[in-house]
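For reference, the structure discussed in these notes is given below.
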Amino acid sequence: MNKPLSLYIHIPFCEHICSYCDFPKLQYFSTFSNIYLKRLKEELDSYHINHPLKTIYVGGGTPSALPLDELKTLLEMIKPYSKDVKEYTFEANPESLSLDKIKLLKSFGVNRISLGVESTQEKYLKLMNRHHSFFDVRKVINDLIDEGINNINVDLILGLPNMKISDLKADLDNIITLPIKHISCYSLTVSPHTAFYINGVSPQEDDLMREYYDFVHYYLLDKGFIHYEVSNWAKEGYMSEHNLTYWKNEQYYGVGLGASGYIGNIRYTNTRSINKYNYGDLDRNEEVVDIASLKTYMLMTNLRTILGLDLAKYRTLFNEDLLAIKGKEIAELIGNKLIEINNYKIIPTYHGMMVLDQIILALL
């Protein structure tokens, strides 16, 4: 059996709770975090990872919310697994990623930072309960570059209340002045139990969201970015190696509160209850991946990126020739400019990425 080559670690603590966030998270308190880091180590040890990994991703929550001593404890915990890792990513907020923390991360081999910027405009930052300014973003990026970490992603949120294309352009104009290698743009979703939901904020209509994505797509294309996945743009050579693990439907370890993993033929998600987790109860939700669901996962993940679905791999896995079985549907999708066939791979076009459900339904 192939072993997972990627490791995701979840740090649920935040300095403050943002209005839109539905990830497993809670306000930082040292009483919780000290126990949490012990439980995290126990879970990590339980996998007996004794082979080299390709990527590590520490997400949240806000990993940079940990104070320096706890951050060091976390990095020491990960150290045995980080040797020879190609891409080692930490998520951070601009206001909590101090120079001391950057130096510490660098000393432990972290070589990629994903910054929660979300917007560069004060009115939207305030609305989302974000506690940084664009000045903070510029400063932290300069500090990262000075310390030798130049593989930087920034997250932006599309479709905030009353957002106009001119607001989106202002955000991108600001971001593009920075030496950024990767940009993730996510459409606002309003989930129950978030402040936005409680305050009656509605997500934007699909047609308007498509306008936002169209604008970002052509704007960033013009600036030399590759639109390689539905929500992700990168400069040449800077696609997220860790996230490609998910999109290639490859296995990975998931450790921490609410973390998901995929090992062997089991997909699992840990409890979202901090009390259960800190008592050592992972209370896992598990799914056995059979052949039918493996096909579905492969189509759903592979067709999100311009790397596409490898038809030779598909035939090896399922003993089926998708071109022969779904020839009529594939011809229609090509005719509608939703996909292309290149090097025996089904590649989604930009328009295809935006209506991915149509492609998947046609091919399932």
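In terms of my numbering, the sequence shown opens at residue 311 and continues consecutively.
Each residue gets a CB set at the ideal place from its N, CA and C atoms; glycine is no exception.
- Taking the Cα positions, Asp-620 is about 19 angstroms away from Ser-550.
- Three or more beta-carbon pairs drawn from the stretch 444-460 and the stretch 409-416 are found closer than 8 angstroms, and the two stretches are therefore classed as touching.
- Put simply, the backbone Cα of Leu-530 is about 8 angstroms away from that of Trp-543.
- A Cβ-Cβ contact shorter than 7 angstroms links Glu-325 with Ala-375.
- Between Arg-577 and Val-599, the gap from beta carbon to beta carbon is short of 7 angstroms.
- One thing to note: Gly-568 has its Cβ within 7 angstroms of the Cβ of Asn-580.
- One Cα belongs to Ile-508, the other to Lys-636, and the distance between them is close to 45 angstroms.
- Taken through DSSP and simplified to helix, strand or coil, Thr-383 comes out as helix.
- For Thr-487, there is no enclosing alpha helix (DSSP H), as DSSP gives it neither H nor E.
- The residues Ser-329, in chain order, have a CB closer than 6 angstroms to that of Ala-505 in the same chain once the five nearest residues on each side in sequence are set aside.
- Between Asn-595 and Arg-349, the C-beta gap is not smaller than 7 angstroms, which leaves the two residues out of contact.
- Ranked by how close their Cα comes to the Cα of Asp-483, the residues Pro-471, Gln-431 and His-503 have Gln-431 in first place.
- The C-beta distance from Tyr-398 to Ser-392 rounds to 6 angstroms, short enough to meet the 8 angstroms contact threshold.
- No Cβ-Cβ contact shorter than 7 angstroms links Ile-670 with Gly-662.
- Counting along the chain, Thr-365 sits inside no alpha helix (DSSP H); it lies in the beta strand (DSSP E) bounded by residues 365-370.
- Pairing Asn-612 with Gly-618, the inter-Cα distance amounts to about 5 angstroms.
- In the three-state DSSP reduction, Gly-662 falls in the helix class (H, G or I).
- Shortest Cα-Cα distance from Pro-489 to any of Lys-605, Phe-535, Pro-658 and His-441 involves Phe-535.
- As DSSP reads the structure, Gly-564 sits in a beta bridge with Tyr-318.
- A Cβ-Cβ contact shorter than 7 angstroms links Tyr-367 with Tyr-318.
- Counting C-beta atoms within 10 angstroms of its own C-beta, Asp-667 has fewer than 16 neighbours from the protein chains shown and is therefore classed as exposed.
- For Ile-455, the enclosing alpha helix (DSSP H) has its first and last residue at 444-456.
- Ranked by Cα distance from Ile-459, the first of Ile-321, Val-420 and Lys-364 is Val-420.
- Residue pairing by DSSP places Val-598 opposite Ile-576 in a beta bridge.
- Put simply, of Ala-641, Ile-412, Ile-616 and Tyr-563 the residue whose alpha carbon is nearest the alpha carbon of Glu-353 is Tyr-563.
- Per the DSSP secondary-structure output, Arg-422 pairs in a beta bridge with Thr-399 and Asn-461.
- Beta-bridge analysis with DSSP links Asp-620 to Lys-655.
- A Cβ-Cβ separation of about 17 angstroms leaves Tyr-496 out of contact with Ile-462 under the 8 angstroms criterion.
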